[in-house]
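Peer 1: Those letters in the sequence shown? Residues -13 to 124, by my numbering.
Built from N, CA and C at the ideal position, the CB exists for glycine as well.
What you are looking at is a predicted structure, and each value in this text was computed from that prediction instead of being measured.
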Amino acid sequence: MAGAPLATRTAETTHSARRDLTLEGEDRVAKIIEVTRNAKAHNMVQFDVRGKSVLTDYVLICEARSQAHGRGVCERVHEGLKELGVRPEGLEGEREGNWILMDYGDALLHIFHPEIRSYYDLEKLHEGCPMTTWEDED
């Protein structure tokens, strides 16, 4: 997972990219969550990192049962937002499917295989930020 492009992106670049998208902020996050949950992703967590990160406003983390499931969740999110005129600014890991990162400017979606999620423990990076979790519907 190459993190350099995200780490070097400036707040100014993010801001200008946001203006080109039709679905912004909380509305975009709500749509990502809706599509992700409809794709049967598990253990969904949202962190509100506004004011604490220059990269994004929201970090979303979820799990897929397998690599194929992860790719499927990614595809459903991509298509669901594309229908609304929103395309990711960045997309990484979709071929492997163990850790997929979808960068929508003010929202980052991480789709993990459970073992990879546990290993990297991104939740620890966002301790202290407002957090919302969703119950699995299975």
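Under a three-way DSSP split, which group does Asn84 fall into?
Peer 2: coil
Peer 1: DSSP state of Val63, grouped into three classes?
Peer 2: Residue state for Val63 is assigned as helix, using DSSP reduced to three classes.
Peer 1: With DSSP collapsed to three states, give me the class of His1.
Peer 2: Annotation note: pLDDT 34 at His1 (below 50); position unreliable, no value reported.
Peer 1: At a cut of 8 angstroms, does the stretch 102 to 116 reach the stretch 53 to 68 through at least three beta carbon pairs?
Peer 2: no
Peer 1: Smallest Cα separation from Cys60: which of Val31, Gly11, Gly79 and Gln32?
Peer 2: Taking each of Val31, Gly11, Gly79 and Gln32 in turn and checking the Cα distance to Cys60, the smallest one comes out for Gly79.
Peer 1: State the beta-bridge partners of Ala93 as determined by DSSP.
Peer 2: Answer by DSSP bridge pairing, in chain order: Tyr44.
Peer 1: Our contact map puts Val63 next to Met88 with C-beta atoms below 8 angstroms; I'd like the distance itself, whole angstroms only.
Peer 2: 6 angstroms
Peer 1: Looking at the unbroken alpha helix (DSSP H) that takes in Val21, where does it start and where does it end?
Peer 2: Membership of Val21 in the alpha helix (DSSP H) is indicated by the continuous run Gly11 to Asn24.
Peer 1: Hey, how far is the Cα of Glu49 from the Cα of Gly11?
Peer 2: 22 angstroms
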